[in-house]
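Reading through the structure tokens given below for one structure.
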Amino acid sequence: MNKTIRRASVFTLLLRATWVQFYDGTALADDKDNRRNVIETYADPLGNIVVAGESITGSARAKDGDLAYKRTYHDGRLYAAVTGYASQAYAPTQLEGIYQDLLNGTDSRLKTVMATVTGQRAEPGDVVTTIDPDVQKAAYDTLGGNKGAAVAIDPKTGRILAMVSTPSYAPSALTDATTAGPAWKKLNADPDKPLTNGALRRPLPPGSTFKLVVAAAALEDGLYKDVDEHTVSPDPYTLPGTTRPLANENKSAPCENASIRVALQYSCNNVFGRMAVVLGQDKVRAMAEKFGFDDDRLDVPVRAYASVYPSDMDKAQTALSGIGQFDVTATPLQMAMVSAAIANGGKLVSPHMVAQITDGGGDVLKDYDDGAESKEIVSSSTAEQLRSAMRTVVEDGTGTNAKIPGVTVGGKTGTAQHGENNSKTPYAWFTSFGTSDSDGKQVAVAVLVEQSDAARSEVSGNGLAAPVARAMMRAALRN
Numbered sequence: 083m084n085k086t087i088r089r090a091s092v093f094t095l096l097l098r099a100t101w102v103q104f105y106d107g108t109a110l111a112d113d114k115d116n117r118r119n120v121i122e123t124y125a126d127p128l129g130n131i132v133v134a135g136e137s138i139t140g141s142a143r144a145k146d147g148d149l150a151y152k153r154t155y156h157d158g159r160l161y162a163a164v165t166g167y168a169s170q171a172y173a174p175t176q177l178e179g180i181y182q183d184l185l186n187g188t189d190s191r192l193k194t195v196m197a198t199v200t201g202q203r204a205e206p207g208d209v210v211t212t213i214d215p216d217v218q219k220a221a222y223d224t225l226g227g228n229k230g231a232a233v234a235i236d237p238k239t240g241r242i243l244a245m246v247s248t249p250s251y252a253p254s255a256l257t258d259a260t261t262a263g264p265a266w267k268k269l270n271a272d273p274d275k276p277l278t279n280g281a282l283r284r285p286l287p288p289g290s291t292f293k294l295v296v297a298a299a300a301l302e303d304g305l306y307k308d309v310d311e312h313t314v315s316p317d318p319y320t321l322p323g324t325t326r327p328l329a330n331e332n333k334s335a336p337c338e339n340a341s342i343r344v345a346l347q348y349s350c351n352n353v354f355g356r357m358a359v360v361l362g363q364d365k366v367r368a369m370a371e372k373f374g375f376d377d378d379r380l381d382v383p384v385r386a387y388a389s390v391y392p393s394d395m396d397k398a399q400t401a402l403s404g405i406g407q408f409d410v411t412a413t414p415l416q417m418a419m420v421s422a423a424i425a426n427g428g429k430l431v432s433p434h435m436v437a438q439i440t441d442g443g444g445d446v447l448k449d450y451d452d453g454a455e456s457k458e459i460v461s462s463s464t465a466e467q468l469r470s471a472m473r474t475v476v477e478d479g480t481g482t483n484a485k486i487p488g489v490t491v492g493g494k495t496g497t498a499q500h501g502e503n504n505s506k507t508p509y510a511w512f513t514s515f516g517t518s519d520s521d522g523k524q525v526a527v528a529v530l531v532e533q534s535d536a537a538r539s540e541v542s543g544n545g546l547a548a549p550v551a552r553a554m555m556r557a558a559l560r561n
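Final position of the sequence shown in the numbering used here is 561; the numbers increase by one with none missing.
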């Protein structure tokens, strides 16, 4: 996808999102028919969103107006990227929006015989999430005041254990129609866009974390038999058709003709830039799409924006795409999916953050764990090769801040250029997997730090993002 088309697509998505939130939100408050619906919705308490057996939402008696109840939140900022908000004035988002009918009792699956006869609203149902509160808190606390996002996935089940986007917001500020207006204006005027879920809906250049996808393509294609075979990779490598060398961050790294293992260990741009050109953009794209790139219908169940591997590139652009630059974009969810598939022997289980939905009596209406699909992304041998190389990155390479005693950790750092000629603070990435040495339990993680107080020279995947991933993996594996 060329840059003009991609920008037009992004603009259309943003325009649609703005229309839904502004127009639909205004309609909820002003349209008479919608007003009646809102009165009915909040005539009784709503069902709840559940984390680890505890409701993180509630309902409270409204003090003023004609609406009997309003939505409440426990640890609202911590879970805002999961719950979204249910507002008396604005259209609901995230799980509150996806399961609006279930939570307000109008879902047809909730109807009892008596309710059908009387026409009364059924008792609302609940949404049981896959979120692990310890992993969620670890991500939120370690991201701290930074702008960023993080996702953790159980590779064997596809369960999303954490989804965090910072800076966060208090959903409770938007619940009451009489007081939501000023908070709505302030949140929408904030340049950090706290209402946007960065884990799902802010795809950005993934930088060197994308080298895992290129390495997978090379191994699956047979370009190299294993991660220890030497490549043909001059250093410096000049971008085809130009006089511009593709520089390496570490000038003294042994990147000339480096193997995939060494090239991941030192994050050698020359190796993966040339590798993408030799493979050709079509083979790299095919592998990227197997991992989930270019999928504009990725629902978890909230729909994620598509991560993009571009098309119609020249060879120089293809080389840049091989190091996760040019027009390549990815969400933290997408890069967590890459590590999850590698950790799980090459198989990707569909990521999901809802385990079950239940009726008012607690009976299961749908079990999403049972319906999680699994598909082979790469062979088990390729996955094992990549896991081995990723372990080298953490043990002896650019990802040492992710080490955890008692856990086998593999990862890949990324520092993606930001702005024209890299004029703005780079994005810091880290994607990884951890396997407990005691019980074999696994977790896959991706972390993106968009902006921090760190000096530009200190911005790196290892410095900013790996410590967040480490905290999340420790929490998930209880180490």
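From the three backbone atoms N, C-alpha and C, an ideal C-beta is built for every residue, glycine too.
Here the structure is a predicted model, which is why all the values come from computation and not from measurement.
Requested in this report: Report the option in G129, D236, N270 whose CA atom is closest to the CA atom of D208.
Outcome: G129
Query raised in the report: Per DSSP, P206 is paired with what?
Result: Paired residue(s): none; P206 is not in a bridge.
Query - DSSP three-state assignment for W101, whether helix, strand or coil - result: Unreliable positioning characterises W101 in this predicted model, as indicated by a pLDDT of 39, which lies under 50. A coordinate reading is not provided.
Query raised in the report: For M245, does the three-state DSSP call read helix, strand or coil?
Result: strand
Report task. May I have a chain-ordered list of the alpha helix (DSSP H) segments no shorter than 4 residues that lie completely inside the region 159-201? Result -> 176-180, 182-186, 195-200
Requested in this report: Please go through the region 362-446 and give each complete alpha helix (DSSP H) segment of 4 or more residues, from N-terminal end onward.
Outcome: 363-373, 397-403, 414-425
Query raised in the report: In the structure shown, what three-state DSSP assignment does P215 receive?
Result: helix
Query raised in the report: Closer than 7 Å: is that where the CB of G493 sits relative to any heavy atom of the ligand HEM?
Result: As for the ligand HEM, it is missing from this structure, which has no ligand bound.
Requested in this report: May I have the straight-line CA-CA distance separating Q103 from S334, to the nearest angstrom?
Outcome: Bear in mind that the predicted position of Q103 carries a pLDDT of just 42, short of 50, making it unreliable; the figure below should be weighed with that in mind. Answer to the nearest angstrom: the Cα atoms are 51 Å apart.
Requested in this report: Kindly provide the ranges of any alpha helix (DSSP H) runs that are 4 or more residues long and lie completely inside the region 251-299, ordered along the chain.
Outcome: The alpha helix (DSSP H) runs of length 4 or more contained entirely in the region 251-299 are, from start to end of the chain, 262-271, 280-283.
Report task. Could you tell me the distance, in whole angstroms, from the CA atom of K145 to the CA atom of G479? Result -> 58 Å
**Report entry** For A298 and V460, believed in contact at Cβ under 8 Å, the rounded distance
**Finding:** 5 Å
Query raised in the report: Got a sec, what are the start and stop residues for the alpha helix (DSSP H) Y155 sits in?
Result: Not the alpha helix (DSSP H): Y155 falls in the beta strand (DSSP E), residues 151-155.
Requested in this report: Check each candidate in Q176, C337, L301 and name the one with the smallest Cα separation from P316.
Outcome: C337
Requested in this report: Can you give me the start and stop residues for the alpha helix (DSSP H) that I342 sits inside?
Outcome: 342-348
Report task. Report yes if the CB atom of G493 is closer than 8 Å to the CB atom of S514, and no otherwise. Result -> yes
Query raised in the report: At which residues does the alpha helix (DSSP H) containing E458 begin and terminate?
Result: Run containing E458: none in the alpha helix (DSSP H); it sits in the beta strand (DSSP E), 456-458.
Report task. Evaluate contact between the region 182-195 and the region 512-529, counting only Cβ atoms and requiring at least three cross-stretch pairs below 8 Å. Result -> no
Requested in this report: Consult DSSP for A234 and reduce its assignment to one of helix, strand or coil.
Outcome: Strand, per DSSP.
Query raised in the report: Among R117, D441, N279, N332, which has the Cα closest to the Cα of Y167?
Result: Shortest Cα-Cα distance from Y167 to any of R117, D441, N279, N332 involves N279.
Query - Beta carbon of T257 nearer than 8 Å to that of S137 - result: Taking 8 Å as the Cβ cut-off, T257 and S137 do not qualify as a contacting pair.
Requested in this report: Pick helix, strand or coil for S470, following the three-state DSSP scheme.
Outcome: helix
Requested in this report: With L559 as the anchor, note down where its alpha helix (DSSP H) starts and where it stops.
Outcome: It spans 548-559 - the alpha helix (DSSP H) in which L559 sits, taken as one unbroken run.
Query - Separation of Q499 from G362, as counted between CA atoms - result: 23 Å
Query raised in the report: For L225, does the three-state DSSP call read helix, strand or coil?
Result: The DSSP-derived three-state label of L225 is helix.
**Report entry** Buried or exposed (CB count within 10 angstroms, at least 16 for buried), D441
**Finding:** buried
Query raised in the report: How many angstroms separate the CA atom of A484 from the CA atom of A163?
Result: Straight through space, the alpha carbons of A163 and A484 are spaced by roughly 24 Å.
Report task. Determine the DSSP secondary structure at D478, reduced to helix, strand or coil. Result -> Of the three classes helix, strand and coil, the one that applies to D478 here is helix, per DSSP.
Requested in this report: My understanding is that S349 touches T495, with C-beta atoms under 8 Å, so please give their C-beta distance in whole angstroms.
Outcome: Taking the Cβ atoms as the reference, S349 lies roughly 6 Å from T495, within the contact range of under 8 Å.
Query raised in the report: Under a Cβ-count criterion, where at least 16 other Cβ atoms within 10 Å of its own Cβ denotes burial, should D394 be classed as buried or exposed?
Result: exposed
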